Amino acid sequence: MSIITLTTDFGTKDHFVGAIKGTIYSELPNARIVDISHHISPFNITETAYILKNAYKSFPEGSIHIIGVDSELNEENKHIALKLDNHYFICPDNGIISLLASEIKPEKIVEINIHDRISTSFPVLDVFVKVACHISRGGTLEVIGKIIPDYKKLVELQPAISADGKTVQGNIIYVDNYGNSISNINKKLFQEVGKGRDFEVIANKYVFNKINAKYSDIIDFSVPENIRQKDGTRLAIFNSANYLEIAIYRSNLNTVGGACSLLGLNYRDTISIKFC
């Protein structure tokens, strides 16, 4: 039986997550449910997309991913189910899929049309769960919706390249648990545009001339430990997801602080790379 994952902004204080799991188990007693996160910032689509893009590939092919962020059904926010990279995603059509599908085109997309049989103010529970259980039993997407050609694009998830090819401009799309500020500029784009040229990374008033391979690259281990650079040094790095990140070495939001607080790099702030 396929794994069913849950990604929501519901938190864990209220009954929502428990009700979703209970309903899945009522329909599929042998279900395997995995929480990716329930602590997405409320209604934050870009944060959801970033977390899900970097989590889903670790699951087996055929896994089913329920996404419950900004999921209320209305004229501008339809519900869709799709197959992408041999995984299934059930979510609102609000741009969440933009980052996931930036490099891999969905194999099939349907607009879910079972709502006329269900009146609900909790679509993740009453609609998305039913769709997930249907797919888990081997059901096809066409049964629960009509095929559509595309999904809603979220422009802010995509960096822009200047006409002369000398500048890539992006935005901070996620601040992690350490306060590191992560942009929408990935290593592949950096290499394609940069072609080995010298560069400057400009983030707020800070300039970086080097992008590190790992956080500890900024430490000179050849000098005695008592005179090495201390915690709190700023750096640029391509993180484990290959996205450009501005970080503070050994940051801690409760003590040293993170890039978001110390450097003033928060969600949607601009970051750019200028090539020589």
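So the sequence shown is numbered by my numbering: it starts at 30 and just counts up by one. A virtual CB, placed ideally from N, CA and C, is assigned to each residue, including glycine. This structure is a prediction, so every number in the text was calculated from the model and none was measured.
Close Cβ partners of residue i (< 8 Å) along its chain, the five nearest in sequence each way excluded
| i | result |
| --- | --- |
| VAL139 | ILE109, ALA110, LEU111, LEU170, GLU171, ILE173, GLY174, LYS175, ILE176, ILE177 |
| ALA130 | LEU113, TYR180 |
| LYS182 | GLY124, SER127 |
Nearest-angstrom Cα separation, counted from residue j out to residue i
| i | j | result |
| --- | --- | --- |
| ASN241 | LYS216 | 12 Å |
| ILE309 | SER245 | The question about residue 309 has no answer, for the chain in this structure spans 30 to 305. |
| GLY124 | ILE74 | 7 Å |
| LYS239 | ASP249 | 15 Å |
| GLU76 | ILE214 | 14 Å |
| ASN288 | ARG166 | Residue 288 is actually Ala in this sequence, not Asn. Their backbone Cα atoms lie some 45 Å apart in a straight line. |
| ARG263 | LEU273 | 13 Å |
| GLY286 | LEU292 | 9 Å |
| LEU294 | ILE277 | 11 Å |
| THR196 | ILE300 | 11 Å |
| ASP193 | ASP298 | 23 Å |
| LYS224 | TYR117 | 36 Å |
| GLY40 | VAL222 | 40 Å |
| LYS234 | ALA270 | 25 Å |
Other residues of its chain near residue i: CB distance less than 6 Å, five sequence neighbours each side excluded
| i | result |
| --- | --- |
| PHE228 | ILE302, PHE304 |
| LEU282 | GLY208 |
| PHE237 | VAL230, ALA265 |
| TYR203 | GLU76, TYR79, ILE211 |
| ALA232 | ILE275, LEU294, ILE300 |
| ILE164 | ILE93, TYR117 |
| PHE45 | PHE39 |
The beta strand (DSSP E) enclosing residue i, as first and last residue numbers
| i | result |
| --- | --- |
| GLN220 | Looking at the DSSP string, GLN220 is not in any beta strand (DSSP E); the run it does join, the alpha helix (DSSP H), is 216 to 223. |
| PHE228 | 228 to 232 |
| LEU35 | 32 to 37 |
Proximity below 8 Å, CB of residue i to CB of residue j
| i | j | result |
| --- | --- | --- |
| ILE119 | PHE151 | no |
| GLU132 | ASN115 | no |
| HIS68 | LEU81 | no |
| ILE96 | ARG61 | no |
| ASP38 | PHE72 | yes |
Continuous alpha helix (DSSP H) stretch holding residue i: start and end
| i | result |
| --- | --- |
| GLU105 | Where GLU105 is concerned, there is no enclosing alpha helix (DSSP H), given that its DSSP letter is neither H nor E. |
| TYR54 | 45 to 56 |
| ASN83 | 74 to 85 |
| SER290 | 288 to 291 |
C-beta neighbour in chain C for residue i, strict 8 Å
| i | result |
| --- | --- |
| SER70 | Included in the structure is just one protein chain, with no chain C present. |
Beta strand (DSSP E) segments (min. 3 residues) lying fully within the stretch 117 to 184: Listed in chain order, the beta strand (DSSP E) runs fully inside the stretch 117 to 184 are 137 to 141, 174 to 176, counting runs of at least 3 residues.
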